[in-house]
Amino acid sequence: MSPANTFGYVANDTVIHRLSGSTKLIAFIALSLIVMTSYDTRFLIGVMIFSLYLFYLAQIPWKNIRILIYFVLAFSVLNLLTIYLFEPEYGVQLYESRTVLAEGIGRYTLTAEQLFYELNVAIKYFSTIPLALIFVFTTDPSEFASSLNRIGVSYRISYAVSLALRYIPDIQDSFFEIRQAQQARGLEMSRKTSLVNRITRSAQIIMPLIFNSLNRIEVVSQAMELRRFGRNKNRTWYRYRPFASKDIAALALVVGIVLIGMYLFYVNGGRFYNPFQ
Amino acid sequence: MMKQRQTLQPIIQFNHVHFQYDSQAEKNLIDVHFDVHPGETILIIGPSGSGKSTIARCINGQIPNTHPGKLEGTVTVNGRDVYSSSIFDLSLDVGTVLQDTDGQFVGLTVAEDIAFALENDCVEQTEMRAKVEGWSRRLEIEHLLERMPHQLSGGQKQRVSISGILVNDIPILLLDEPLANLDPAAGAETMELIKSISKQHQYTTIIVEHRLEEALLADVDRVLVINDGRLVADTTPTKLLKSNVLSEIGVREPLYLNAMKYAGLDVSSFPVLGNFMDVSLSDRQLVQIEEWARSIPKSEKPEGKGAVLEVENIDFSYTESAGAKTLSNISFSIQNGDMVSIVGTNGAGKSTLAKLICGFVQPTSGNIRIDNQETSRLSIKEIADHVGFIMQNPNHMISKTMIYDEVALGLVNRGWPEDQIRERVYEALRICGLYPFRNWPISALSYGQKRRVTIASILVLDPKILILDEPTAGQDYAHYTEMMAFIQKLNVENDMTILMITHDMHLMQEYTNRTLVFDAGKLLADTEPSAVFSNPELIQAAHLAETSLYQLGKLLPSMPAKDFISRFMQYDREVPR
Amino acid sequence: MNNNKPSSITTLVAVGIGAAVFFVLGRFLSIPSGVPNTSFETTYPFLALMSIVFGPVAGALIGLIGHAIKDLLTYGLWWSWVLSSGVTGFGYGLIGKRLRVRSGEFSKKDIVVFNVGQVVTNLVAWAVVAPVLDILIYSEPANKVFFQGIVSAGMNSVAVGVLGTLLIAAYTKTRTKTASLSKE
């Protein structure tokens, strides 16, 4: 597997790429949080259009994200259906109004409120997912750790994240090698065997991976200690990108959007925008 | 070279040092006493488990900080008492490059890894950039700064590790088995690099190794020989090579020296021994060597006993990765009972070939036949009944905690009855010399024994062909000899066909009758090992290095180097070790 | 390896490497169940072992970071579940304090303690924390998220009960002293 497949980051020189990693991280977290909490449809549509526009600006090659998008779509549709399956009239409760569009079988009616609620959920997916994709595909993994450190995460934990990204390709290679070795010895993981059997047999792959990783942990921690990791209260970052004026502007925009979202909580008297009253 | 330095204060002092790890029953170092002076290049040599790594850990402070134990005597490094110093403080005096290049490389990219220690010292970005740039240029890796570790070769990673130490302007450089993960070409380059930077920047350099001949390329001033925890020699390379110390403790002598001794030359008469390039041989002596070589009868090439593996016009391209490991138009056939080495750089396609033969991946076109049976319709499991693949890292194969269970696993998965499994497992364990340990946990075994467990776990499936990936990597001479004697026994007594992916030139020469050379996905040559060693183009393509034997062979008045090498090997095989 | 508590750097590296393994297992070695967001994970048995060996904080971080990376590279972050993975790791780590796995002990009684603990942990993390967060953050219908949560808690309990117990038992076997061995 090439690193491009593992982490997605594609070097480019768009407006989005030129922003510092910290800016993107803050924007990603702040916008995701407000989109997750708000159920104001107008606001959500606004943010969705905005994030799709950013997505367009970031020029992420379609072939890199195609499979990801299909995954997300399938997941979204499945989740929307599940909500309906469990609470076909959840929208009616939320919006305290009931507009039946079609009587179905038993409790499975079709109401405008339910459709509207599920529309909101769908819009949420389509505004947060582009944000996540932009973050993953335009942020150099090397900037990740310093960005986390910048927003207040301790440098040790920040570096642990960096180590995870560093060793994923190596561990992935080990994993494939181990799986092949076990397959050659007749390991069967297909549905032909019983579930408990499948679970216990996966130990044949996980055990070697664990021992391999425990060795790796020992060596890596020695290597880091011998180069004085953890000696000081903080550390500098080779890849750290200081804030420029475009970062300030971007962050101001994000703060603006979040404030609008919060203001709408106040206007709507809650998280929901209710067109049915 | 080191004359005037002797007058300086020693930079490292071991004063009658005894050491015992808390976790072990016996002392690992016994009365070790030596000095190292500033600017010296020291080679610490000895077989596995001799205590040479323990000495290294006493220098960089991993003893007692990471590996607690009882230390008697004193170790002083740059005026500091090691036992009462922290690893952090000592790391400002001693820069350590660990054996495991992947473990050592903790940054996401080359530049970050070089800067790692500077980041930890809170150095400002501009200063960091300047230092990283300067050192990467000096070590000729400035074009790699943006690369990630898995896009680098072993030799390149090694250079990054060394740069990551040098950025701190540390007086002492400590390298723990720098050759362990490198191919011969990269190993030779690393030694040259160590030589040039140590001389240029006046570093005190300590190299811990068990491969003497290659390590001597670093132009070492002194060799400390460790055996069973004791310092058995502290001398110059020349004096060491004239003595019998090496053969007594089981460290391999340089091959050219073997040849000289076989030919009856008096090695004690040479003023300088060590790196072959520094040894001066007279015309008369060369003639004597050639006459000796001529007296060895050339062996007959044994006839093939029918093809057991046929590879026909194989093409392969990875779809997921960057296409680095493609193979194109590969054809060869392996005779029953062959012992073949497969060589080439990392990414040349050797491992991909093994994976194709085992059915882990499918060729885009072409055929593979094992025992006249097409493998394309067989599952991985079915192919495994014919071909066993022993991976380089035994930890990738071992998934059980007890030896018996591990070896039995393949048969258990195949649903064999228990009594038959027992019989087969015991037989495989006997062949591998592990029968006495059959009820032991695997964690109690040495690395070499673990490798045997993985071989036993494949042998129970009774394959005709065994593919071994780097069977001798990281093993000292004694273990190497033991492992290869075992593989040879499988070949001769158990009638197995053996394919070995290797960088080990000794292994190729001594144990295989044929070599496949891969380069950039193509089969470049399919010939005798001695033909590879006497062909500079093949040596370069396969990332091998010129052996001292070839260098000696080239100097001979009339015998071609290829002839000389194969005659030497013929003779060497018959000398009792 | 010694039986002392791991140093702070070792714990930190264990978090990094552990998160990487969590990601790899989550991506390549899970058995989907058909219910959205729920699958038969091999990650949690692995997490159980790591948390018990390296402690609750390391466990929480491995769960958190590993799950976050996995989500970011598959679909967007599902925050409530990421946090629950953290809670899970923390809970497993707390059980570890009552065991002596690092010194090679894992008796029948320990197995019971571990399994009671892991089931409680899974219930708290997946049948309480995750659905409550789902309701708070996403305002999803309660019976849907509680149903999903209970299914996950059950599945993870089974996976950890079978595979986790196996992994820990195997790990402790490698920590036994070798002095008592003799050739036969």
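Protein chains in written order, with our numbering: chain A, 46 to 322; chain B, 3 to 579; chain C, 56 to 239.
A virtual CB, placed ideally from N, CA and C, is assigned to each residue, including glycine.
Bear in mind the structure is a predicted one, so any value in this text is a computation, not a measurement.
| Item | Value |
| --- | --- |
| Hey, out of 207(A), 118(A), 144(A), whose CA is closest to residue 192(A)'s CA? | 207(A) |
| Roughly how many angstroms lie between the CA atoms of residue 57(A) and residue 267(A), to the nearest whole one? | 36 Å |
| Given a limit of 7 Å on CB to CB distance, which residues of the segment 240 to 256 of chain A reach chain C? | 241, 243, 244, 245, 247, 248, 250, 251, 252, 254, 255 |
| Tell whether a beta-carbon distance below 8 Å holds between residue 386(B) and residue 503(B). | no |
| Pick helix, strand or coil for residue 510(B), following the three-state DSSP scheme. | helix |
| Please confirm whether residue 102(C) and residue 81(C) have their CB atoms less than 8 Å apart. | no |
| Taking only three categories from DSSP, how would you classify residue 553(B)? | helix |
| Among the candidates 86(B), 419(B), 416(B), 457(B), whose CA atom is the shortest distance from the CA of residue 2(B)? | Residue 2(B) lies beyond the stretch modelled for chain B, which goes from 3 to 579, so this question has no answer here. |
| Does the distance from the C-beta atom of residue 122(B) to that of residue 272(A) stay below 8 Å? | yes |
| Counting pairs of beta carbons, one from the segment 243 to 257 of chain A and one from the segment 273 to 284 of chain A, are three or more of them closer than 8 Å? | no |
| Under 8 Å Cβ-Cβ, which residues of chain C neighbour residue 155(A)? | Chain C residues near residue 155(A): none, gap ~16 Å exceeds 8 Å. |
| Would residue 275(B) and residue 215(B) qualify as a contact pair, given that the criterion is a beta-carbon distance under 8 Å? | no |
| What do you get for residue 105(C), buried or exposed, if any count of 16 or more other CB atoms within 10 angstroms of its CB means buried? | buried |
| Contact criterion: CB-CB distance below 8 Å. Does residue 53(A) meet it with respect to chain C? | yes |
| Is it true that the CB of residue 124(B) sits closer than 8 Å to the CB of residue 281(A)? | yes |
| Is it true that the segment 338 to 351 of chain B meets the segment 534 to 553 of chain B, where meeting means three or more beta-carbon pairs spaced less than 8 Å apart? | yes |
| Just the C-alpha distance for residue 485(B) and residue 468(B), rounded to the nearest angstrom, thanks. | 14 Å |
| Roughly how many whole angstroms lie between the Cα atoms of residue 526(B) and residue 518(B)? | 8 Å |
| Please go through the segment 224 to 271 of chain A and give each complete alpha helix (DSSP H) segment of 4 or more residues, from N-terminal end onward. | 240 to 270 |
| Can residue 465(B) and residue 489(B) be called in contact, C-beta distance under 8 Å? | no |
| Got a sec: is the Cβ-Cβ distance from residue 118(C) to anything in chain A below 8 Å? | no |
| Distance, Cα to Cα, residue 156(A) vs residue 141(A)? | 12 Å |
| Could you give the first and the last residue of the continuous alpha helix (DSSP H) run that contains residue 202(C)? | 197 to 214 |
| I want to see whether chain B comes within less than 8 Å of residue 57(C), judged by CB atoms only; does it? | With a pLDDT of 40 at residue 57(C), under the threshold of 50, the modelled position of this residue cannot be trusted; read the value that follows with caution. For residue 57(C), the answer is yes, since a Cβ of chain B falls inside 8 Å of its Cβ. |
| Counting C-beta neighbours from all protein chains within 10 Å, is the total for residue 161(A) 16 or more, i.e. buried, or is it exposed? | buried |
| Kindly indicate if chain A contains any beta-carbon less than 8 Å away from that of residue 453(B). | no |
| So, for residue 220(A): in the same chain, excluding its five sequence neighbours on each side, which residues have a beta-carbon less than 7 Å away from its beta-carbon? | 254 |
| Take residue 307(A) and list the residues in its own chain whose beta-carbon comes closer than 6 Å to its own, dropping the five residues that flank it on each side. | none |
| Check the Cβ of residue 103(B) against every Cβ in chain C and list those closer than 8 Å, keeping chain order. | The contacting residues do not exist; residue 103(B) stays about 17 Å from chain C at best. |
| For residue 217(A), name the three-state secondary structure that DSSP assigns. | helix |
| Excluding the five sequence neighbours on either side, which residues of its own chain have a C-beta within less than 7 Å of the C-beta of residue 119(B), listed in chain order? | 166, 169, 170 |
| Are the beta-carbon atoms belonging to residue 229(C) and residue 169(C) less than 8 Å from one another? | no |
| Report all residues from its chain with a CB closer than 6 Å to the CB of residue 568(B); omit the five preceding and five following residues, and keep chain order. | 532 |
| Counting pairs of Cβ atoms below 8 Å between the segment 144 to 151 of chain C and the segment 93 to 105 of chain A, do you hit three or more? | no |
| Quick one: complete alpha helix (DSSP H) runs, 4+ long, within the segment 83 to 134 of chain B? | 89 to 92, 103 to 106, 112 to 122 |
| Which one of 288(A), 76(A), 305(A), 230(A) has the shortest CA to CA distance from residue 417(B)? | 230(A) |
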